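Numbering (UniProt numbering), first residue to last: 1 to 315. These notes concern the structure reproduced below.
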Amino acid sequence: MSRHSKNNTALAFFTQAEKAKLNYGTQKQRLGRDSMRNFDACFLCLQRAREPLCCTEGHLSCKECMYENILSQKKELARQFKLYKEQQEQQEESRRQTELAAKEAELTMFEQTQTQFLPSMMREATDIGEGKKLLGGKVYTPVTTAEGTVYTYDSEGRNPRNASGEVGTKKPMEQSKDKSLPSFWIPSLTPDAKPLIIQAPKMETVCTASEKHHPVTVKKLVEVKFTLAKGNEDQYICPACLKTFTNGSKIVVLKTCGHTFCKGCCSRFVKPTRKCHQCEVKCKEKDIVELSGEGTGFVGSGGKVESSKATVAFQ
């Protein structure tokens, strides 16, 4: 084995380091503390929440940001519903026009059947080619029936009946296309884009803080009341144990009053008494909501520590 065959780029297969340098496949990135949102930050504006509110899943946001988000969603849903109603009206009008065209074609066929002539009656007519006759300034086309060949007046020069004997609403060119495979490489037979079908929108607003969206309404939002530390208005503390809240803290909020506690104090004081430890308002276990946090960047904090993006696979 020569010396040059041992070079890093001369292997017959891709190493893990070489695969990591490619821009193909799923890209993964380890997230650090700088990528984590603070526990008291709004998930919409990423700033410290002003008049904080939280949903039933514990996602914290500003009151103004959440109201604007819900209002914009309602406007978008109204716009989508309007487009959906317009599409339904267009489909109904198209169906009505199709039925009307079919009825007119059937009436035209009936009138032409009543004005048929036998070959013996067309002796004085002028032959204009392709078996057609000209009589009285009108063109008559031969049609083969069970009784024989008769001549039918057709102002458009075509038979209103299709091959199966039924009244057709399609044009002859469309009927010929249905029987043949589309040759998409021919400009005249290039397939057209299908019309966009708008589905009926779900008329409910959702919380977009997580990948799995859940319904949210203004009535279900909970006003969060943090306890400020004495002498330092930039820090929040637990009113029971007086510990400072950080990104590593497990914080719970009570729906009934909005006061916040650490998870340990909630288990020791709130759940046994079923009362708020600060204002003594009654609460049930279902009224306790744990605030959603992104953690400190470590795996043990419980937050998301890795981000991935799916791209084209390398072959």
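Quick reminder that beta carbons are idealized off the backbone N, C-alpha and C, glycines included. These figures come from a predicted structure and were not determined experimentally.
Kindly indicate the opening and closing residues of the beta strand (DSSP E) around residue i.
i	result
K309	306–309
Q235	232–237
A229	227–229
L189	Counting along the chain, L189 falls outside any beta strand (DSSP E), and DSSP gives it neither H nor E.
R30	27–30
residue 363	Residue 363 lies beyond the residue range present for the chain, which begins at 1 and ends at 315; the question has no answer from this structure.
V252	251–254
DSSP on residue i, reduced to helix/strand/coil?
i	result
P201	coil
G165	Its pLDDT being 41, under 50, G165 is placed unreliably by the model, and nothing is read from it.
C262	strand
E111	helix
P195	coil
K177	Any answer about K177 is weak, because its pLDDT of 48 lies below 50 and its placement is not dependable; what the coordinates show is given next. Three-state DSSP puts K177 in a helix.
T273	helix
E280	coil
V222	strand
V299	helix
K171	Because K171 carries a pLDDT of 46, less than 50, the predicted location of this residue cannot be relied on, and the following value inherits that uncertainty. The answer is coil: DSSP assigns K171 none of H, G, I, E or B.
Going by DSSP, what residue range makes up the alpha helix (DSSP H) through residue i?
i	result
E18	16–21
Which whole-angstrom value is the C-beta distance of residue i and residue j, which I expect to be below 8 Å?
i	j	result
K220	T56	6 Å
C262	K275	That belief does not hold up - the Cβ atoms of C262 and K275 are roughly 17 Å apart, past 8 Å.
L53	V224	6 Å
I251	F39	7 Å
G58	S292	4 Å
Taking Cβ positions, are residue i and residue j nearer each other than 8 Å?
i	j	result
Y24	T296	no
C265	C241	yes
E290	K271	no
R48	A41	yes
N69	L100	no
V253	V216	no
T26	S210	no
R50	C62	yes
K21	E306	no
E294	G300	no
I198	Y67	no
P239	H214	no
Runs of beta strand (DSSP E) wholly within the region 35–108 (minimum 3 residues, chain order): 52–54, 60–62
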